[in-house]
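S.K.: Residue numbers (the UniProt record's numbering): 1 to 472.
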Amino acid sequence: MKAAILDGRIGIGSRLAPTRELAQELGLSRTTVLAAYEQLRAEGFIDARVGSGSYVAHLQTTRTARPLERSITPPSRYAHRARRVQDRTIAQLHSGLRYNLQYGNPLVNPALSETWGRELARAAAYTPTSDIRAQGSPALREQVCAYLARHRGVRALPENVLIVSGAQQAFSLAARVLLNEGDPVALEDPHYFGAYQALGAHGARICSVPVDHEGLVCEALPVPAPALVCVTPSHQFPSGAVMSLRRRLELLHYADTHNSWILEDDYDGEFRYDSRPLAALRSLDQGDRVIHVGSFSKTLFGSLRLAYMVLPVALRDDFINAKYLSDFSCPGIEQAALAHFMESGGFERHLRQARKELKGRREELIRGLHRHAGDRVDIVDSPAGMHVVVWLRGYDEAQAQELIELAHSQGLGLYPMAPHYASAQARQGLLLGYCGLSAQELHDAMQLFGHCLDEMEERMARRPARRRCQGG
Numbered sequence: 001m002k003a004a005i006l007d008g009r010i011g012i013g014s015r016l017a018p019t020r021e022l023a024q025e026l027g028l029s030r031t032t033v034l035a036a037y038e039q040l041r042a043e044g045f046i047d048a049r050v051g052s053g054s055y056v057a058h059l060q061t062t063r064t065a066r067p068l069e070r071s072i073t074p075p076s077r078y079a080h081r082a083r084r085v086q087d088r089t090i091a092q093l094h095s096g097l098r099y100n101l102q103y104g105n106p107l108v109n110p111a112l113s114e115t116w117g118r119e120l121a122r123a124a125a126y127t128p129t130s131d132i133r134a135q136g137s138p139a140l141r142e143q144v145c146a147y148l149a150r151h152r153g154v155r156a157l158p159e160n161v162l163i164v165s166g167a168q169q170a171f172s173l174a175a176r177v178l179l180n181e182g183d184p185v186a187l188e189d190p191h192y193f194g195a196y197q198a199l200g201a202h203g204a205r206i207c208s209v210p211v212d213h214e215g216l217v218c219e220a221l222p223v224p225a226p227a228l229v230c231v232t233p234s235h236q237f238p239s240g241a242v243m244s245l246r247r248r249l250e251l252l253h254y255a256d257t258h259n260s261w262i263l264e265d266d267y268d269g270e271f272r273y274d275s276r277p278l279a280a281l282r283s284l285d286q287g288d289r290v291i292h293v294g295s296f297s298k299t300l301f302g303s304l305r306l307a308y309m310v311l312p313v314a315l316r317d318d319f320i321n322a323k324y325l326s327d328f329s330c331p332g333i334e335q336a337a338l339a340h341f342m343e344s345g346g347f348e349r350h351l352r353q354a355r356k357e358l359k360g361r362r363e364e365l366i367r368g369l370h371r372h373a374g375d376r377v378d379i380v381d382s383p384a385g386m387h388v389v390v391w392l393r394g395y396d397e398a399q400a401q402e403l404i405e406l407a408h409s410q411g412l413g414l415y416p417m418a419p420h421y422a423s424a425q426a427r428q429g430l431l432l433g434y435c436g437l438s439a440q441e442l443h444d445a446m447q448l449f450g451h452c453l454d455e456m457e458e459r460m461a462r463r464p465a466r467r468r469c470q471g472g
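1. In the structure shown, what three-state DSSP assignment does residue 511 receive?
2. For ALA23, which option in ASN109, TYR37, LEU281 has the closest C-alpha, if you only look at C-alpha atoms?
3. Between SER14 and the rest of its own chain, which residues show a CB-CB distance below 8 Å, the 5 nearest in sequence each way excluded?
4. Over what stretch of residues does the alpha helix (DSSP H) that includes VAL50 continue unbroken?
5. For the candidate residues GLY332, LEU34, ALA3, whose alpha-carbon lies nearest to that of ALA17?
6. If you follow the beta strand (DSSP E) that SER208 is in, where does it begin and where does it stop?
7. Pull up the distance between the alpha-carbon of ASP274 and that of GLY215, whole angstroms please.
8. Across which residues does DSSP place TRP116 in a beta bridge pair?
9. Where does THR32 land, buried or exposed, given buried means 16+ other C-beta within 10 angstroms?
10. Can you give me the C-alpha to C-alpha distance between ASP154 and PRO190, rounded to a whole angstrom?
11. Taking just the CA atoms, how far does ARG462 sit from ALA400?
12. On the DSSP bridge assignment, give the partners of TYR415 in chain order.
13. Quick one: give me the first and last residue of the beta strand (DSSP E) that residue 474 is part of.
14. Are the CB atoms of LEU430 and LEU414 nearer to each other than 8 Å?
15. I'd like to confirm the pairing. Which residues does DSSP put opposite SER172 in its beta bridges?
16. Mind checking which residues open and close the beta strand (DSSP E) that includes SER295?
17. Please check the pair ALA220 and PRO210, which I expect to be a contact at CB under 8 Å, by giving their CB distance rounded to whole angstroms.
18. Please confirm if the segment 153-173 is in contact with the segment 356-364, defined as three or more CB-CB distances below 8 Å between the two stretches.
19. Which partner residues does ARG15 have in the DSSP bridge list?
20. Rounding to the nearest angstrom, what Cα-Cα distance links THR299 and GLU457 in this structure?
21. Can you tell me which of ASN105, TYR324, ILE291 puts its alpha carbon nearest to the alpha carbon of ARG305?
22. VAL310 lies in the beta strand (DSSP E); which residues open and close that run?
23. Assuming GLN197 contacts GLY433 (C-beta within less than 8 Å), just tell me the rounded distance between them.
24. Can the beta-carbon of GLN428 be found closer than 8 Å to that of ASP396?
25. Find out if the Cβ-Cβ distance for the pair LEU284, LEU228 is shorter than 8 Å.
26. Checking 8 Å against the spacing of the C-beta atoms, do residue 514 and TYR308 come in under that value?
27. Could you pull the DSSP bridge partners for GLY215 from this structure?
28. Starting from the Cα of PRO138, find the closest Cα among GLU441, GLU364, ALA339, ARG362 and give me that residue.
29. Excluding the 5 residues flanking HIS372 on each side, which residues of the same chain have their C-beta closer than 7 Å to its C-beta?
30. Runs of 4 residues minimum, wholly inside the segment 294-374: which ones carry the alpha helix (DSSP H) assignment?
31. Check whether the Cβ atoms of ALA364 and HIS443 sit closer than 8 Å, and answer yes or no.
32. Where do the ends of the beta strand (DSSP E) carrying GLU188 lie?
33. With H, G and I counted as helix, E and B as strand and the rest as coil, what does DSSP make of LEU157?
34. Is it right to say GLN39 is buried, meaning 16 or more other beta carbons lie within 10 angstroms of its own, or is it exposed?
35. If you draw a straight line from the C-alpha of GLY360 to the C-alpha of ARG272, how long is it?
36. Under 8 Å by Cβ, that's how I've got VAL290 and ILE262 pegged, so tell me the actual separation to the nearest angstrom.
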């Protein structure tokens, strides 16, 4: 009724329907209609006249009815850039499929959900309702430092740790603190798409640096040097490469020599299946040039949205200020629950169980690939992380997309490597995540994948060979 009055569909001075009639027409309680009329009267939309009824009041201004704007010119440079980076979309996420090989999602553990519920209830009972700290809970920062010292080789002080809302906010804060519009930033190619989006929307000039089997190719880093280099050294995303010690030392030397900062995205460094987790790049950093980022979204729940940054001393206050201006702080109850979960040993018990479970799922996935795909794919041997990369032999980009669409029609979700590259690649690959499916489901999924490859071979065999161009 408010909208109708403001748009002029109910004119000034019009008499409204009696409450009893309107209630009967709408199938509502008369009490509900009376309450609505009273609210309209209290806000000045209508006048009630005793013995006569309710009438639309003479408002000072009325809104001219016009169609809503569905598309406008970007209102700011940031909005323009954000639209542009969103235009370069990653693979469409599948849903409602029997076997979805989605990468990036953590292991689903019902027992963990129950434990986390108890931790939240406990934390809610004693967490101060007014405790807002931009840097994060002291207890959680202490637990992060203890964990990093035991498992990632990083020695950090709680005053140099910042709790943030996921790794994505870490990239956004790094852009705000370290970069101006137009400044160059070095990003791996292939790369994590969230980093590309956050940095590109900020206005950074992305300098793509190739990755090989030893990780980032340091010889290809740009000169003059960028202010920021973003890397995933423990398990390069998405290729799966592990940065060699030689490359790590080269990168640290580059940062020291050129006064650059390194953002180390340690998104799944906990999950290594042939040995203990590798020490983080930050553990080798003698010049305090590395910003180490770790996330609980990959180890616990994607919806938790808690991560941490280990900051160089020179940047600490700038990052804390940027966090405060962004959202004041992360939720206090979740931080308290996580701190106690880590202190009690529950977090590390969960990681041990998750590593064992994921190792079994990874082995089942690879067995299925060997059995059903055979020599039609090349498997990247990277015993870490939560996904496996396979390269398709003899496929071009259109054929790879056709395979993905065929698999989708059969209930199998596949995801391409191509969108993670800065430019088109001749070789086509797939990212196969194994966290969301049981070992039996992965067995069945690989059998279905083999059937899809069989059908694609039949389709391509039926097509006429492409005619070669004649002449110059």
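All C-beta atoms, glycine included, are put in the ideal place defined by N, C-alpha and C. As the structure is a prediction and not an experimental result, all values here were calculated from the model.
M.R.: Well, looking at it:
1. Outside the shown range of the chain, which is 1 to 472, sits residue 511, and nothing can be said about it.
2. TYR37
3. Here the set comprises TYR55, VAL56.
4. Per DSSP, VAL50 belongs to no alpha helix (DSSP H) and is neither H nor E.
5. The alpha carbon of ALA17 has as its nearest neighbour, out of GLY332, LEU34, ALA3, the alpha carbon of LEU34.
6. 205-212
7. The straight-line gap from Cα to Cα measures roughly 19 Å.
8. Answer by DSSP bridge pairing: none, since TRP116 is not bridged.
9. By the 10 Å Cβ count, THR32 comes out exposed.
10. The residue asked about is misnamed: residue 154 is Val in this sequence, not Asp. For the pair VAL154 and PRO190, the Cα-to-Cα distance works out to about 27 Å.
11. 17 Å
12. LEU431
13. What is shown of the chain runs 1 to 472, which leaves residue 474 out entirely.
14. yes
15. BP columns for SER172 are empty, so no partner.
16. 290-295
17. 6 Å
18. no
19. TYR55
20. 39 Å
21. ASN105
22. 307-310
23. GLN197 to GLY433, Cβ: 20 Å. No contact.
24. yes
25. no
26. Residue coverage of the chain in this structure runs from 1 to 472, which leaves residue 514 outside it and unanswerable.
27. ASP212
28. ALA339
29. MET446, GLN447, PHE449, GLY450.
30. Assignment of alpha helix (DSSP H) within the segment 294-374, counting only whole runs of 4 or more residues, yields 316-327, 332-343, 346-372 in chain order.
31. The amino acid at residue 364 is misidentified as Ala; the sequence shows Glu. A contact, by the Cβ cut-off of 8 Å.
32. 184-189
33. coil
34. exposed
35. 12 Å
36. 5 Å
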